[in-house]
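Working notes for the structure below.
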Amino acid sequence: KARTSIKFTSFEIGYTNGWTRGISFWVDSNRIFFAPQESDKVKYGLLPDSLNQLINETLTNIILDTTIKSKDDGCVDCEDLGIRAVVGSDTLYIRQVGKLDKIFLPFLKKLEYFIDSSNHSTIHSVLFLESQKIAFPPKMSLFTNKSIPPDSLTKSGR
């Protein structure tokens, strides 16, 4: 049986292992990527064909596997992943907290290696991605026991 391959229009991901800042990455329809770093530094450049293909393959697998959904294990210092992808006229949102589905870890390792190992151009700017709101939710309010809820982007498209 032939598999259908999708192509993204834009792709955004935020990830933390629960203890460190993690990664944040966005690529647009022109295959220009941005990866915010510490303080006011943002890495950017043209997405290589191999990574473009990896993102498309990963998204295809996520869409075809209906068991991959948003989930929250309620863990405060565990892995936290947020994805926002535009494919055609559809937008896919996934947020997983705690034990991530196995499809994400190899993808995250390759993406992190790409961001860290290549000699990318940088700009001094502040870039805050929507997936950062998902993967790095707002801090607890100083005046109540409740956290300040992020906007509706934390809701899953599934």
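The opening residue of the sequence shown carries number 1284 in this note's numbering; numbering runs sequentially from there. Think of the CB as a built atom: it goes at the ideal place given N, C-alpha and C, for glycine as much as any other residue.
With DSSP as the reference, label residue i as helix, strand or coil.
{"i": "residue 1390", "result": "helix"}
{"i": "residue 1340", "result": "helix"}
{"i": "residue 1366", "result": "strand"}
{"i": "residue 1315", "result": "strand"}
{"i": "residue 1348", "result": "coil"}
{"i": "residue 1395", "result": "helix"}
{"i": "residue 1332", "result": "helix"}
{"i": "residue 1307", "result": "strand"}
Kindly indicate the opening and closing residues of the beta strand (DSSP E) around residue i.
{"i": "residue 1325", "result": "1324-1329"}
{"i": "residue 1288", "result": "Here residue 1288 belongs to no beta strand (DSSP E), and DSSP marks it neither H nor E."}
{"i": "residue 1404", "result": "1404-1407"}
{"i": "residue 1374", "result": "1373-1380"}
Write down the C-beta distance between residue i and residue j rounded to the nearest angstrom, noting that I regard them as a contact closer than 8 Å.
{"i": "residue 1344", "j": "residue 1406", "result": "Contact flag wrong, Cβ pair sits at about 33 Å."}
{"i": "residue 1368", "j": "residue 1294", "result": "5 Å"}
{"i": "residue 1358", "j": "residue 1381", "result": "5 Å"}
{"i": "residue 1325", "j": "residue 1408", "result": "5 Å"}
According to the Cβ coordinates, are residue i and residue j closer than 8 Å?
{"i": "residue 1390", "j": "residue 1349", "result": "no"}
{"i": "residue 1289", "j": "residue 1366", "result": "no"}
{"i": "residue 1312", "j": "residue 1292", "result": "yes"}
{"i": "residue 1330", "j": "residue 1393", "result": "no"}
{"i": "residue 1351", "j": "residue 1323", "result": "no"}
What do you get for residue i, buried or exposed, if any count of 16 or more other CB atoms within 10 angstroms of its CB means buried?
{"i": "residue 1284", "result": "Confidence at residue 1284 is low in this model, with a pLDDT of 44, below 50, so the placement of that residue should be treated as unreliable; the coordinate-derived value is given next. Exposed, by the Cβ-count rule."}
{"i": "residue 1362", "result": "buried"}
{"i": "residue 1297", "result": "buried"}
{"i": "residue 1388", "result": "exposed"}
{"i": "residue 1377", "result": "buried"}
{"i": "residue 1301", "result": "exposed"}
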